[in-house]
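Below you'll find the structure, written out as structure tokens, and then a few comments.
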Amino acid sequence: MPPEDTRHDDHLRDAVILARENVRSGGRPYGAVIVRDGTVLARSVNTIALTNDPTDHAEMVALREVSRRLGTPKLEGCIVYASGRPCSMCHAAMRLSGIREAYFAFSAEEGEEYGLLGAGIYAELCRPLADQPMRVAHRPVVEPEHPYALWRDRQSLARES
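Position 49 (the sequence shown) corresponds to 49 in the UniProt record's numbering; numbering is contiguous.
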């Protein structure tokens, strides 16, 4: 096995250990580790049981920590290791931050076998909006100062400076 594969396995085992310890502490069975250039930048667990924040998944907690630590939302070159398959929210957050590589130890289908939210959410989110159980609908608003245009213009000015 190439050394890189061994490093991946070591970080995945670390994420699984974090998940196991979190369950023993009253939390959910999820852990995450973020690494860049061989250095561990964050080790985290799902903290929903502590914060009551439904977005405090292990990957999100780790992304927030690394972003603060590095002083940027752009985390190119980082690798995420998660005990379980990242949910759609975590996956999207990783993509938005520029992460291009992630590994997980246990599948969503395995989680479902143990009573955790599983693979069904992925299929559900792929359906057209009208066919999803949560109502999400586009209702256009006409505004003289479109916030997206303001953002674009600010970005253009920043590039010119």
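The beta-carbon is built from N, C-alpha and C at its ideal position, and this holds for glycine as well.
| request: Would you identify the three-state DSSP class for S83, choosing helix, strand or coil? | output: Position 83 of the sequence shown, counting from 1, holds the residue named residue 83. Strand.
| field | D152, enclosing alpha helix (DSSP H) - first and last residue | value | Counting from one through the sequence shown, the residue named residue 152 turns up at place 152. The question names Asp, yet the displayed sequence has Arg at residue 152. Counting along the chain, the alpha helix (DSSP H) containing R152 begins and ends at P147 to E160.
| said: Could you give the first and the last residue of the continuous alpha helix (DSSP H) run that contains R68? | reply: Taking the sequence shown and counting its residues from 1, one reaches residue 68 at position 68. Looking at the DSSP string, the run of the alpha helix (DSSP H) that includes R68 is A58 to L70.
| task | Could you have a look at Y122 and say whether DSSP puts it in helix, strand or coil? | result | In the sequence shown, counting from the first residue as 1, residue 122 sits at position 122. Residue state, collapsed to three classes: helix.
| Assigned secondary structure, I34 (DSSP; H/G/I helix, E/B strand, else coil) | Here the question's residue 34 lines up with position 34 in the sequence shown. Three-state result, I34: strand.
| Integer Cβ distance of V45 from A58, believed to fall under 8 Å | Your numbering for residue 45 matches position 45 in the sequence shown. Your numbering for residue 58 matches position 58 in the sequence shown. Right, the Cβ-Cβ distance comes to about 5 Å (below 8 Å), so this counts as a contact.
| said: Assuming T55 and M89 are in contact, meaning their beta carbons sit under 8 Å apart, how far apart are those beta carbons, in whole angstroms? | reply: Residue 55 sits at position 55 when you count from the first residue of the sequence shown. Residue 89 sits at position 89 when you count from the first residue of the sequence shown. About 7 Å separates the two Cβ atoms, so the contact holds.
| request: Just tell me which of E76, G98 and P86 has its CA closest to the CA of A32. | output: The residue labelled residue 32 in the question sits at position 32 within the sequence shown. Minimum Cα distance to A32 is reached at P86.
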